[in-house]
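A.B. asks:
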Amino acid sequence: MFQAEIAKNTSTIERLQGLMKVLVIDNVPVEERSLKEDLSKLGLKVDWAQNLDEGSQKIKNGNIDVILLNTTLADINGLATIRSVRAFSRSLPLVVYTDENNKSIALDALRIGAQDYLIKSQDTPSSIARCLRYAIERQRIRYEQILDGERCTRLILENSLQAFLAMDQNGIIVDWNLRAEGVFGWSRHEAIGKPIKDLVRATPTRDAYIKNLDKILSDSPEGILNKRMEVYAIHKDGHQFPVEFGIFRIKDKSDYLYCTFVNDISDRKEMERKTKLLNEQLEQRVQERTSELMRSNEELQQFAKIASHDLQEPLRAVQGFAQLLSRRYRENLDADGNQFIDFILDGTERMQKLIQSVLEHSNIRTNDQELESVEISSIIKEVMKNLNQAISDSKATIIFGELPAIAIERSQLLQLFQNLISNAIKYAGNKAPYIVISAEKNIDEWLFSVCDNGIGIDSKYASRIFDMFARLHGRVKYSGTGMGLAICKKIVTGHGGRIWMESEPGEGSIFYFTLPAKK
Ligand code: ADP
């Protein structure tokens, strides 16, 4: 564009130090050209053209630094004269030199590119010479600024990590940066001047769109401007790859330039593809594992049901006959015989309790349906009623402050609190149990605690006691199945909560558990 003229002008700048050459375009007869002599005396080299044709020829021949133009020529006059000169010389500084003393024409002249507007009757040769020198200097500064700006823009474009390309409204490529060479495989030299559709081809599915791009640009480009688009492009070597881009337009003189930054998104797409694949595989595995788990859960439940039924039958028979034996033959047996029968009865009773609690454990299911909220304080009151005997026997004190309402099946909440409170009473040792129940809200869950002043346990067993059948204390002193806390754990974790305990032997225990605040 400007480059060639700028280059020509740069050499002009160098010549500025020496003799400056003025081209006067004025139809003054040769014998009346005193201005030529006057300017020569003032250090300017003057060439003269009688009309625009002659002027354009002399400008083309080069070596002109500034034009002094009379806007009233024989063949043309007024602002049209300036426009005509500008058409064949865009970079040379131009000063108007006229008889017409008209301020508004002078302003219009400056607006369309004249550097100055001199009136023949008012300006002296020395003021004309000064004005010409200033015009050259101003033009030089302007072009330096343009050059700096262009250099800067070029540097930005060439250092961009995105491919940049610009095309005119016929889809002809007019700019192509270094990254575009890398992305599409065509060199800048190969790309510039070629139709975009020849170089940046898309996949057959988008072919229609690319084929018509030049038509879209010349007819109604508004629809595709400033939109993020993704297509598959084809590299010079024929391989296909995904790109994203958006077209924006800028006005260059009277024409539009359509520019776009293009990103090769192959890596991103590959990553997306892999992530999608991994997700699908993961989902499939989760589904497989879930159905496996559900199957084995069902099997376990089935097993627990059958086992408890089948075990209960012979157990009842053993229990029944042992009781019969005890009732009918107690008199005939000695002390040992009677004690053995008591052992059998005790054993069958314990086995019955074990079977019951295994059944209870396997029957715990998390209900997915929306449930009504249950006031925890009402649950505690019910537990206290159920444990009435144990509470009064042990002289237990149970304290609770404000407790929330939770949307979990009432029977499960009851079982949870009852197991913990009954343990706090059972494992109280010699002291009267003192039990405090409280709750505090964390972001989306409630943290409950059941604190007692009982015998406590060594903290290294703190997690083991939640396993099925885990018992730390002897059967003789403390009856139980070792299933109570396992049932608590199943209820809590089934609702997405956690359960744990903190304790020290002789210092009491605190059982903590969390439950979701909203369901
Ligand atoms: P069980 O009480 O029937 O033995 P649990 O599952 O309820 O079964 O408890 C497991 C074990 O945890 C108990 O045997 C006992 O050793 C210990 N434990 C439970 N609660 C307490 C408590 N409040 N204080 C001290 N130890 C406890």
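Numbering-wise, the sequence shown is residues -12 to 506 according to my numbering. Idealized CB from N, CA, C, for every residue including glycine. Just so you know, these numbers come straight off a predicted model, no measurement behind them.
Evaluate the contact criterion for the stretch 134 to 153 versus the stretch 164 to 184: three or more CB pairs, one atom per stretch, below 8 Å.
C.D. replies: The way I'd put it, the stretch 134 to 153 does touch the stretch 164 to 184; three or more beta-carbon pairs between them come closer than 8 Å.
A.B. asks: Going by DSSP, what residue range makes up the beta strand (DSSP E) through A153?
C.D. replies: 150 to 154
A.B. asks: Taking Cβ to Cβ, would you say I422 is nearer than 8 Å to V370?
C.D. replies: Not a contact, by the Cβ cut-off of 8 Å.
A.B. asks: Which runs of the alpha helix (DSSP H) fall wholly inside the stretch 232 to 319 and span at least 4 residues, in chain order?
C.D. replies: 253 to 316
A.B. asks: Should S114 be labelled buried (16 or more other beta-carbon atoms within 10 Å of its own) or exposed?
C.D. replies: exposed
A.B. asks: Where in the stretch 318 to 390 do unbroken runs of the beta strand (DSSP E), each at least 3 residues long, occur, reported from the N-terminal end onward?
C.D. replies: 384 to 387
A.B. asks: Which one of K428, I486, P80, A74 has the shortest CA to CA distance from A449?
C.D. replies: Closest in alpha carbon position to A449, among K428, I486, P80, A74, is I486.
A.B. asks: Using a 10 Å radius around the Cβ and a threshold of 16 neighbouring Cβ atoms, would you call Y508 buried or exposed?
C.D. replies: With the chain covering -12 to 506 only, the question about residue 508 has no answer from this structure.
A.B. asks: Is DSSP giving Y414 helix, strand or coil here?
C.D. replies: coil
A.B. asks: Could you tell me if N406 is buried or exposed, where buried requires 16 or more neighbouring beta carbons within 10 angstroms of its beta carbon?
C.D. replies: By the neighbour-count definition (other C-beta atoms within 10 Å, threshold 16), N406 is a buried residue.
A.B. asks: To the nearest whole angstrom, what separates the beta carbons of K184 and I160, a pair I think is in contact under 8 Å?
C.D. replies: No, K184 and I160 are not in contact; Cβ-Cβ is about 10 Å, not under 8 Å.
A.B. asks: At the level of alpha carbons, what is the spacing between F151 and E18?
C.D. replies: 59 Å
A.B. asks: Confirm the yes/no value for this check: CB of D329, any heavy atom of ligand 1, distance under 7 Å.
C.D. replies: no
A.B. asks: What three-state label does DSSP hand N64 in the structure shown?
C.D. replies: strand
A.B. asks: Spatial neighbours of E489 within its chain, please: CB distance less than 8 Å, with the 5 preceding and 5 following residues excluded, ordered by chain position.
C.D. replies: S446, A449, S496, I497, Y499
A.B. asks: Could you check what DSSP says for F435 in three-state terms: helix, strand or coil?
C.D. replies: strand
A.B. asks: Report the rounded CA-to-CA distance for T192 versus V218, giving the unit in angstroms.
C.D. replies: The predicted position of T192 is uncertain, since its pLDDT is 46 and thus under 50; a value taken from the coordinates is nonetheless stated next. Roughly 9 Å separates the two Cα atoms.
A.B. asks: Going by DSSP, name the residue or residues bridged to W35.
C.D. replies: W35 is bridged to V11.
A.B. asks: Looking at the structure shown, is E131 part of a helix, part of a strand, or coil, going by DSSP?
C.D. replies: helix
A.B. asks: Please list the terminal residues of the continuous alpha helix (DSSP H) segment that includes A220.
C.D. replies: A220 -> not in any alpha helix (DSSP H); beta strand (DSSP E) instead, spanning 216 to 221.
A.B. asks: Thinking just about the alpha-carbon of each residue, which of G493, T480, P492, V345 is nearest to the one in L502?
C.D. replies: T480
A.B. asks: For a quick check, are the C-beta atoms of V83 and L39 less than 8 Å apart?
C.D. replies: no
A.B. asks: Short of 7 Å in beta carbon distance, which residues of its chain neighbour R317, apart from the five on each side in sequence? Order them along the chain.
C.D. replies: N325
A.B. asks: Would you kindly check if the distance between the Cβ of V361 and the Cβ of L400 is under 8 Å?
C.D. replies: Yes.
A.B. asks: Could you give the first and the last residue of the continuous beta strand (DSSP E) run that contains K428?
C.D. replies: 421 to 429
A.B. asks: Would you mind giving the Cβ-Cβ distance between M7 and K28, rounded to the nearest angstrom? I have them listed as a contact below 8 Å.
C.D. replies: At roughly 14 Å, the Cβ-Cβ gap does not stay under 8 Å, so M7 and K28 are not in contact.
A.B. asks: Just reading off the alpha helix (DSSP H) that D445 is part of, what are its end residues?
C.D. replies: It is not in any alpha helix (DSSP H) - D445 carries neither H nor E in the DSSP assignment.
A.B. asks: Do you know how far the Cα of R215 is from the Cα of R127?
C.D. replies: 41 Å
A.B. asks: In terms of DSSP beta bridges, what is M488 paired with?
C.D. replies: F498
A.B. asks: Under 8 Å between the Cβ atoms of H296 and M470?
C.D. replies: no
A.B. asks: To the nearest angstrom, how far is it from the Cα of D194 to the Cα of E209?
C.D. replies: Any reading at D194 must be qualified, since the residue scores a pLDDT of 45, below 50, and its modelled position is unreliable; no value is offered.
A.B. asks: Quick check: is any heavy atom of ligand 1 less than 7 Å from the C-beta of L346?
C.D. replies: no
A.B. asks: The beta strand (DSSP E) that contains V53, what's its start and end?
C.D. replies: Note, V53: beta strand (DSSP E), 53 to 56.
A.B. asks: For the alpha helix (DSSP H) holding I106, just list the boundary residues, first then last.
C.D. replies: It is not in any alpha helix (DSSP H) - I106 instead sits in the beta strand (DSSP E) that spans 103 to 106.
A.B. asks: May I ask which residues mark the beginning and end of the beta strand (DSSP E) holding D162?
C.D. replies: 160 to 163
A.B. asks: Quick check: the stretch 252 to 261 against the stretch 220 to 240, are at least 3 beta-carbon pairs closer than 8 Å?
C.D. replies: The answer is yes - the stretch 252 to 261 touches the stretch 220 to 240, with three or more Cβ pairs under 8 Å.
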